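**Q** I'd like to ask you about the structure that follows.
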Amino acid sequence: MVVAEGIHKTFNRGHADREVRVLRGVDVSVAKGDVLVVIGPSGSGKSTLLRCINFLGPPDEGSVTFLGRTLTGAVPRFRPAERMRYERELRFFRTHIGIVFQHFNLFPHMTAADNVALGPTRALGLSRSQARERSVAELERVGMGEKANAYPSQLSGGQKQRVAIARALAMRPQLMLFDEATSALDPELIGGILEEMKRLAESGMTMIVVTHEMGFAREVGDRVVFMDEGRVVEEGPARSLIDNPQNERTQAFLSAILS
0 MVVAEGIHKT FNRGHADREV RVLRGVDVSV AKGDVLVVIG PSGSGKSTLL RCINFLGPPD
60 EGSVTFLGRT LTGAVPRFRP AERMRYEREL RFFRTHIGIV FQHFNLFPHM TAADNVALGP
120 TRALGLSRSQ ARERSVAELE RVGMGEKANA YPSQLSGGQK QRVAIARALA MRPQLMLFDE
180 ATSALDPELI GGILEEMKRL AESGMTMIVV THEMGFAREV GDRVVFMDEG RVVEEGPARS
240 LIDNPQNERT QAFLSAILS
């Protein structure tokens with residue numbers, strides 16, 4: 000489904016006194032229908048990796064192959080025809096890879112239904128009525144049908160995140176990325192969002208999930224990747240890695256987070 004190879008990312012590149020190397024040759028892959036869980040300490044590059052995979056923040060080096068189509072890191076100086084091809088591939092990636100962030104990023108002046116319908120209208124060319132129908136269907140899917148006409152200010156944090164999930168699903172993605180989707184929620188709301196994510200995984204959605212929720216990772220994940228200092232330190236089957244990590248850094252991280 001998706002293979003990321005040799006991913007490097009540096010912030011403030013070219014400014015030696017301010018450069019921060021965030022990703023250092025990361026390789027990850029996930030098969031169709033599988034759930035890959037990415038864990039690691041804050042600042043290890045997990046969120047940046049997700050943005051590199053869907054090219055919201057393209058990598059400096061490396062490549063991502065998604066559904067047989069490949070994009071490379073640093074954008075070369077294309078001839079016009081090559082640039083058109085690159086931009087077409089970029090649209091394909093961004094259209095078919097959904098992402099849910101820890102912060103909901105809903106437009107405050109739009110209802111839940113309008114937030115969800117915006118992408119299908121603008122990116123997929125659906126009519127307003129078609130987009131509205133799809134929007135309501137996705138809100139129903141995540142238990143938010145009755146809040147379709149509510150504004151973000153009228154919703155709880157958990158409800159806003161459900162709307163954000165519906166917004167991503169309305170684009171009919173082939174791959175879903177979750178970037179700490181529960182970290183901004185109150186503890187009593189976390190379980191509901193994790194349950195939605197579990198249902199999505201059970202439906203066959205391919206997912207890459209960045210999370211600190213080890214119970215979810217162990218139960219729902221097929222494989223787990225542990226990252227530290229911009230590198231993949233250890234990876235393996237979810238239950239095996241969480242229950243019996245082999246690397247000292249993985250052991251220390253899991254010991255701290257599970258204690």
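If you count by numbering that gives the first Met the number 0, then the sequence shown holds residues 0 to 258, one letter each, in order.
Even for Gly, the Cβ is constructed at its ideal location relative to N, Cα and C.
In this text, all values refer to a predicted model and were calculated from it rather than measured experimentally.
Rounding to the nearest angstrom, what Cα-Cα distance links R171 and G67 in this structure?
**A** Within the sequence shown, the letter at position 172 stands for residue 171. Within the sequence shown, the letter at position 68 stands for residue 67. Near 18 Å, if we compare the C-alpha coordinates of G67 and R171.
**Q** Judging by CA-CA distance, which residue of D221, R50, L188 is the nearest neighbour of R238?
**A** Taking the first residue of the sequence shown as position 1, residue 238 is located at position 239. With distances taken between Cα atoms, R238 lies closest to D221.
**Q** In the DSSP output, which residue or residues are listed as bridge partners for V224?
**A** Translated into the one-based positions of the sequence shown, residue 224 becomes position 225. Bridge partners of V224: V37, E234.
**Q** Apart from the five residues on each side of it in sequence, which residues of its chain come closer than 7 Å, Cβ to Cβ, to A112?
**A** Locating residue 112 in the sequence shown gives position 113, where the first residue counts as 1. Only R131, S134, V135, L138, A147, N148 meet the Cβ criterion.
**Q** Assuming contact is defined by CB atoms lying nearer than 7 Å, are V99 and V208 in contact in what I supplied?
**A** If you number the sequence shown from 1, residue 99 lands on position 100. If you number the sequence shown from 1, residue 208 lands on position 209. No. Outside cutoff.
**Q** Looking only at its own chain, which residues have a Cβ that is under 7 Å from the Cβ of N11, when we skip the five neighbours before and after it?
**A** As a position in the sequence shown, residue 11 is number 12, starting the count at 1. So the list reads R17, E18, V19, once near-sequence residues are dropped.
**Q** Smallest Cα separation from D242: which of A216, G42, V231?
**A** On the sequence shown, residue 242 is found 243 positions in, with the first residue counted as 1. Nearest C-alpha to D242: A216.
**Q** Report the partner residues of R68 according to the DSSP bridge assignment.
**A** Mapped onto the sequence shown, residue 68 falls at position 69. R68 is bridged to F65.
**Q** Hey, quick one: how far does the beta strand (DSSP E) through I205 stretch, first residue to last?
**A** Taking the sequence shown and counting its residues from 1, one reaches residue 205 at position 206. Checking the sequence, you will find Thr at residue 205 rather than Ile. Per DSSP, T205 belongs to the beta strand (DSSP E) from 205-209.
**Q** Give the DSSP-derived three-state secondary structure of K31 in the structure shown.
**A** The residue labelled residue 31 in the question sits at position 32 within the sequence shown. In the structure shown, K31 sits in coil (DSSP, three-state: anything other than H, G, I, E or B).
**Q** Identify whether T47 lies in helix, strand or coil by the three-state DSSP scheme.
**A** On the sequence shown, position 48 is the one that residue 47 refers to. It is helical.
**Q** Let me make sure I understand the geometry here. Which of V34, G5, T9 has the alpha-carbon closest to that of V219?
**A** For this step, residue 219 is matched to residue 220 along the sequence shown. Closest by alpha carbon: V34.
**Q** For P306, count neighbouring C-beta atoms within 10 Å of its own C-beta (all shown protein chains included) and say buried if the count is 16 or more, exposed if not.
**A** The question about residue 306 has no answer, for the chain in this structure spans 0 to 258.
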